[in-house]
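Before any comments, here is the structure.
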Amino acid sequence: MTFSYYPGCTLKTKAKDLDMYARRSAQALGIDMQELAEWQCCGAVYPQAKDEIATKLSSVRALMSARDAGHDLMTLCSACHHVIKRVNNDMATDTDIRMKVNNYIKPELEYSGETKVVHYLEVLRDYVGFDELAKKVVNPLKGKKIAAYYGCLLLRPGSVMQFDDAENPSIMEDLIKAMGATPVLYANRNECCGGYVTLENRPTAQRRATSVVSSAKAAGADCIITACPLCMYNLDANCDESQKLPIIYFTELLAEALGVK
Amino acid sequence: MQEIFGLIKEKAEKLFADGSVNRVLGWKKGETEYDRIPSVFESAEELEEFVYDGFCAANLSKYLIRESREDGKIAVLLKPCDSYSFNQLVKEHRIKRDNIYAIGIDCDGKLDIDKIKAAGVKAIQSIEENGSEVIVHTLYGDKKFNRQDVLLERCLCCKGKDHVSGDEFILAQNRVDTTVKDRFEDVRKLEAMTPDERFEFWRSELSKCIRCNACRNVCPACNCIKCVFDNEDSGVAAKANVDTFEENMFHIIRAFHVAGRCTDCGECSRVCPQHIPLHLLNRKFIKDIDELYGEFKAGADTETKGPLTDYRTGDAEPSLISDRGGSN
Amino acid sequence: MHRIGVFVCWCGTNIAATVDVKAVAEAARKEPGVVFATDYQYMCSEAGQALIRQAIKDNALTGVVICSCSPRMHEATFRKTVQAAGLNPYMLEIANIREQCSWIHKDIKEGTEKAIILARTAIAKVMLNKPLTAGESAVTKRALVIGGGIAGIQSALDIAEAGYEVDIVEKQPTIGGKMTQIDKTFPTLDCAACILTPKMVDAAQNEKIKIFSYSQVEEVKGFVGSFKAKIRKKARFVDENLCTGCGDCTSKCPSKKNKNEFNLGLDNRPAIYIPFAQAVPKVAVIDAEACIKKKTGKCGLCEKVCSAGAIKYDQQDEIIEREYGAIVVATGFNPIKLDKYDEYAYSQSPDVVTSLELERLMNAAGPTQGTLLRPSDGTHPHTIVFIQCVGSRCDDARGKSYCSKICCMYTAKHAMLIREKYPDTDVHVFYIDVRTPGKNFDEFYRRAVEQYGVDYIKGMVGKVIPHDGKLLVQGSDLISNEQVKIDADMVVLAAAIEPDPTARSVATMLTASIDTNDFFTEAHPKLRPVESPTAGVFLSGVCQGPKDIPETVAQASACAAKVIGLLAKDKLLSNPCVARADESLCSGCSVCQNVCPYGAITYEDREFRIPGPKRSEIRRVAQVNEAVCQGCGACTVACPSGAMDLKGFSTKQIMAEVDAICR
Amino acid sequence: MPVKTTENGEFKPLIVAFCCNWCSYAGADLAGTSRLSYPADVKIIRVPCSCRVNPLFILRAFQRGADGVIICGCHPGDCHYTTGNYYARRRMTLLFSMLDYLGIERKRTRVEWVSAAEGVRFSEVMNDFAKHITELGENKKLEDLRCKKSLD
Amino acid sequence: MQTEKEMANDIIRRSGVNPLKCMKCGKCSGTCPAYEDMDYHPHQFVSMVQKGRINELLQSKSIWTCLSCFACIERCPRSVEPAKIIEAVRLELIRRQGCNHLKSDAIPELLDDKLPQQAIVSAFRKYSK
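Top line first, the protein sequences correspond to chains A, B, C, D and E. Here the first sequence is numbered in our numbering, starting from 1 and rising by one per residue. Here the second sequence is numbered in our numbering, starting from 1001 and rising by one per residue. Here the third sequence is numbered in our numbering, starting from 2001 and rising by one per residue. Here the fourth sequence is numbered in our numbering, starting from 3001 and rising by one per residue. Here the fifth sequence is numbered in our numbering, starting from 4001 and rising by one per residue.
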């Protein structure tokens, strides 16, 4: 199981843990993560406009490198996954964008969305399998009540992301079960935490973050796991003190369960 | 290609040996160094004459209409583009699939002898294919060609190296892609002309037609029991062109009858003794169908409804054509 | 040798004023094959017709051309005329020199010239006409109704009333359909069971009606007037003739925890059960997947308690073959599954229910005996939110593009009933549009608002959040331009309705067409709304498109009228101008079959002589069923070889017309 | 070969109209009943449905000297046979495009949907089509040259 | 200077959204988590762009408060994609000279030591050109 791996800017700095535990767990599960040689920041926001070309180039370059390496492209950060997956979809389905990007990059071989983009969680589900994963758990997280926070970027728009049921996802809950813990379902797990406006409009971010965390807390969760450094920061830093819960990267718990933390 | 030839022959011998087929449909040498004739081999011994090289362009699928009705099983060799015609014939119930063992074989593009001759080559003794080179040995010495330069037009816009049907495949390790141009490029050029220029173009091309029916005979889609143009009762039967419109009529109707069924195998143009680019009529229909009704590849499978036996309630109106800009 | 007679009508001055009729007759006489030509003031008059008959006899005519008004006017008249004179009625052509000539041209020279060309064209065509005979086929005087809901029952009752036999085939263990699950009906608020169950009993007691419950139509062959159907009667492991419906077995059955379909899974039923008290037939059925005896071989309690000895554990499916003259499709509908709409938390909270589930929760025979209680904790809900258009009017893959038509009205009904019975309960309805076209419908909706104080909010709900045993409903109120948040105890979703999943296979079986939503297509959207394009197949109820009960019943009766009209005939005469396949030319490619809207084309293997040592070969060739073909001609153009031709409008005939015009 | 000039030398085109029995032919009848005129150059051939019109008929008409060919059928969705005009629409669109590709004036062929109630529209359509064909002049490109020579 | 109608056409083209598909159900605004911080709401963006009322939208607070959470896109029953319209309006403004919403010299005071890089990157991409 070899994948080209796109870590993204934040995983090299503030979210080193997310990356580190992911790599350790991958090793334990027999997944080979080959970091792309020269990747550039994806921009962290998917440019939705039809006439945005330059802002999509870094994603396309990463996609092309993976294609040339002959592997699927694995992502870990939710934002990177969202941006790269949607740009890939543009390259596959929007002839105008495809033509303009190819004209700009002028690659030897035109790129038209051939690379498959998979999130680390999808690798766990579709390549490793949660049953197999459960067998490799040496340190079951018994008794832990964990709330999964999906946020927006992994799920929406469902027609493009094809990650899970956008309104009723189960992939992280299945992971939690495989690690021996108890998943806690709560209504706001796929509602926005307001992360994108944390810099600009902190009150909104605070309100959103609090509503997410309090919803999980009311449902009886001990902690929240996430795949997104921005959600991680936001749910922690912007949540009302009275409602706070520990926010953990899912990879950290995974590493713990697999005994490689 | 030499090793592919060997593998195919070996396979054919094995099929005879274990009795899984009683005939093999392939090619054999004709009168000249570049003449390859579709042929049915009935025993391993007969395979001595079997040949597979750059001149084996003929699409064998049409022969199966007759051959698959004979007793026993027949093995057929299909190049990737032939497999589309094969599928289309299966879809139209014209060949009996159960009586056929279809072997998909490798193709690195077929050679156009006219292009070789056009380079002034005379008195050809033999032709040697060597990777990307074609060496023509003549009485006056050797002449080397870049293979890509002497390929048939249809191979320059090859529709892909993947077979869409077959029971077994014999393929090269390194597959050669010969595609260098868009197959609609020439259609687009014609579309860009003025109507008068187009009329003159087609008038001069079609007036060369001698109604030899070679195009009709080779075309895998032209497989009617009796062609309307041969049927006294149809009201259009005509053995020869009685006026300048007759050949227009014949070729328009022929193209219309194969529209949505033509796999663009290009055999019509290859066999035309007058070198009329007949495939440009078929490709026009294909291009229109793709643009108007969504991309459709005849023969890509054996189930999908053809575009002329299907419709959408929101289809384009015919006024689309008369509303096109330009003169007239 | 052709001997054609041409008759030019003056139509008083209607034609004669702008067409020189004598010149037309004169010109026609010069055409090859014409042996007689004349003109007369009114060809359609008795005297005119006598003139034609006489001329046919005197001149031994083989074909007739009448230059007169439109064939749509008098073609049928003149066919009878020539037939009376011993000529085949199809050896006649009409040149339309009135509507399409004299009436639109003013210049007599121009009119005359054109009339001559039109006459010449008709002569050219009639020379190629062939005598045609309308086919005859017998009619089996029995109808098959597929689906035993209110639509099927009503159609069956009406057909039986006219004295014809009817079979109802229903896949459930009882007839009655969706209406049995409905509590009250709009706009009168009478109880659904009270008006439906008597009809179910009528159907069961009617001598002409035979009910095949727990059965499915497996195969239909044949064509209008003589269909042959195979019906699979599924084993219910209870002898229908012996069971008295006493219910002793159901109360003793130890396997009790099985989802009760009738109450939509809101409560449980035993493995042997009678769907509901008024079921028809009132006969028990064993759910083999839940039955302990069927699964393990041990138990057999029901057999012991059944005093009638009706339990038959080894009963097998039975195939019944029956013949029919007409088929009624009444396959009905289902609400869509809501698993793709989880923003409304349907799968997360039992207190989010569909409207049909609410019907059960309010019905006296339902799981709560008619008291409205929350499924989660059995308490009275005090705030209820209704969400309209869930899955209707959608552009995406999740929902349906159409309006489900019934939801606005039943939601008003639900809201009104709740407010009446539980005045302390607040009811909010989120709507996009309120659609109430129907007799007394808008008045009904207004009553819900004005008399019962139901809160209608124009806007849509974006998210339902289960929270602390409540449901936080967040939606927009477009009129006050605000986002509203309502703490609700229950949420009711007006799920879109879709055709029953069997519609597609039934359509295939009958070669009836369905649209992209799987609703059956009518033969003509305005003028033949209860017929399918396939002759002898009729449409009743929601299988054709969303409908409420009154509309369904009206359509069911209309459908029955059509069936009765067909069954009343002893013989069916078919239009002889139908397609014909020339087997010697047909290559069996199926292209004609693909464009035939009636499924009139089938294929057969035929042996043909061929040159060569084999002497003959088997070829697949097209066959046209003349009773089914309607003569559109789509196949004739699809066929590249010209093997397919249309009688009365043959390729040669039309070519001759073209040639005659361009001469 | 038909005479295509009036006494004063004006060009009179030859137009063949294929009309489906259920809508357009009835529409033509209604035009007549309502006394709505259109040029006598238009000659109607009755077919059961627009899907009965074979491209052969159209080419034959051109070959024999027609200057314009128009096909009329029920409006899409209203076909008496449910689907016939949908097939006709695809066939004619492709055929017309091919004729254009061969350099034949694209305004010589037309498809119009005319219902049985549209008598006014039928006459308008025919007037308009005849006007266009008259402007285009004789169909030099397609007529049977051999016949023309024999006229000389 | 472009007219409002021209701007509206540009916005429609840039967003790839057809506002005529909207059936005015308001689900986008019903689901929007930033609703309370907006002066014009998602459904209004769709109808105002369709009507060509662009100047008001260019002044609106909403173009900066949209969270890009795509809930409106996911849940719209007509596949209208309001978030794309809002972004296209925002681009209409920030592509003009000097109209960047986020100025780089304003950044340092907003930072804290835990803030991830992507918060800054994304803010720049969303609010500046």
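Built from N, CA and C at the ideal position, the CB exists for glycine as well.
Here B/Ala-1044 is not near B/Phe-1086, since their CB atoms are 8 angstroms or more apart.
Within its own chain, the residues whose Cβ lies closer than 6 angstroms to the Cβ of C/Val-2591, once the five positions on either side in sequence are excluded, are Ala-2638, listed in chain order. In terms of Cα proximity to B/Asp-1290, the closest of B/Gly-1235, B/Phe-1184, B/Thr-1313, B/Ser-1204 is B/Phe-1184.
Excluding sequence positions up to five before and after A/Thr-251, its CB lies within less than 7 angstroms of the CB of Leu-18, Tyr-21, Ala-22, Ser-25, all in the same chain and listed in chain order.
Judged by DSSP secondary structure, C/Phe-2386 falls within the beta strand (DSSP E) whose first and last residues are 2383-2390. Sequence-ordered contacts of the stretch 170-190 of chain A with chain C read Leu-185, Ala-187, Asn-188 [C-beta pairs closer than 8 angstroms]. Look at A/Ala-218: its C-beta is under 8 angstroms from a C-beta on chain C. Proximity to C/Val-2166 across C/Lys-2413, C/Asp-2570, C/Ile-2146, C/Glu-2110 peaks at C/Ile-2146, based on C-alpha coordinates. Distance from the Cα of B/Ile-1210 is smallest, within the candidate group B/Pro-1273, B/Tyr-1101, B/Glu-1049, for B/Pro-1273. In the displayed model, E/Gln-4118 falls within a helix according to three-state DSSP. Think of a sphere of 8 angstroms around the beta carbon of C/Cys-2394: the chain E residues whose beta carbon falls inside it are Pro-4077, Arg-4078, in chain order.
Cβ-Cβ distances below 6 angstroms link C/Thr-2511 to Thr-2534, Gly-2599 in the same chain, with the five nearest sequence neighbours on each side left out; the list follows chain order.
In this structure, the CA atom of C/Leu-2585 is about 29 angstroms from the CA atom of B/Val-1024. Note that the stretch 2232-2251 of chain C touches the stretch 2275-2289 of chain C; at least 3 beta-carbon pairs, one per stretch, sit closer than 8 angstroms. From the beta-carbon of E/Gly-4016, the residues of chain A found nearer than 7 angstroms are Lys-50.
Of A/Met-64, A/Ile-247, A/Lys-14, A/Asn-103, the smallest CA-CA separation from A/Val-212 is found for A/Ile-247. C/Leu-2646 sits away from C/Val-2224, with the two beta carbons spaced by 8 angstroms or more. Interface annotation, A/Ala-54: not in contact with chain E, CB-CB separation never under 8 angstroms. Between C/Val-2006 and C/Cys-2067, the C-beta spacing is below 8 angstroms.
Inclusion of B/Val-1150 and B/Ile-1103 in the CB contact set at 8 angstroms is not warranted, their separation being larger than that value. Lys-2463, Val-2464, Ile-2465, Pro-2466, His-2467: these are the residues of the stretch 2451-2467 of chain C whose beta carbon lies less than 9 angstroms from some beta carbon of chain A, given in chain order.
Scanning its chain for C-beta atoms nearer than 8 angstroms, with the 5 sequence neighbours on each side dropped, one finds around C/Arg-2504 the residues Ile-2514, Asp-2518, in chain order. The residues Ala-4088, Leu-4091, in chain order, have a CB closer than 7 angstroms to that of E/Arg-4014 in the same chain once the five nearest residues on each side in sequence are set aside.
In the structure shown, C/Thr-2038 falls within a strand segment according to DSSP collapsed to helix, strand and coil. By alpha-carbon distance to C/Ile-2211, the top candidate from C/Ala-2055, C/Ile-2661, C/Leu-2157, C/Ala-2494 is C/Leu-2157. Three or more Cβ pairs closer than 8 angstroms define a contact, and the stretch 2167-2185 of chain C meets that threshold against the stretch 2269-2283 of chain C.
In terms of Cα proximity to A/Asn-190, the closest of A/Thr-226, A/Gly-151, A/Ile-225, A/Leu-36 is A/Gly-151. Using a CB distance cut-off of 8 angstroms, C/Asn-2594 counts as an interface residue toward chain B. Interface flag for D/Cys-3074 against chain C is unset, since no Cβ pair is found closer than 8 angstroms.
Closer than 8 angstroms at the C-beta level to chain A, one finds these residues of the stretch 2339-2371 of chain C: Asp-2339, Lys-2340, Tyr-2341, Asp-2342, Glu-2343, Ala-2345, Ser-2347, Gln-2348. A distance below 7 angstroms between beta-carbons, with the five flanking residues on each side excluded, links A/Asn-168 to no residue of its chain. Neighbours of D/Cys-3023 across chain C, judged by C-beta separation under 9 angstroms, do not exist; the nearest C-beta is about 11 angstroms away.
About 5 angstroms separates the CB atoms of C/Ile-2327 and C/Leu-2144; that is less than 8 angstroms, so the two are in contact.
Taking CB atoms only, A/Arg-208 has a neighbour in chain E less than 8 angstroms away.
Under the Cβ criterion of 8 angstroms, C/Gln-2474 is counted among the residues facing chain E. Residue range 2426-2431 is occupied by the beta strand (DSSP E) that includes C/Asp-2426.
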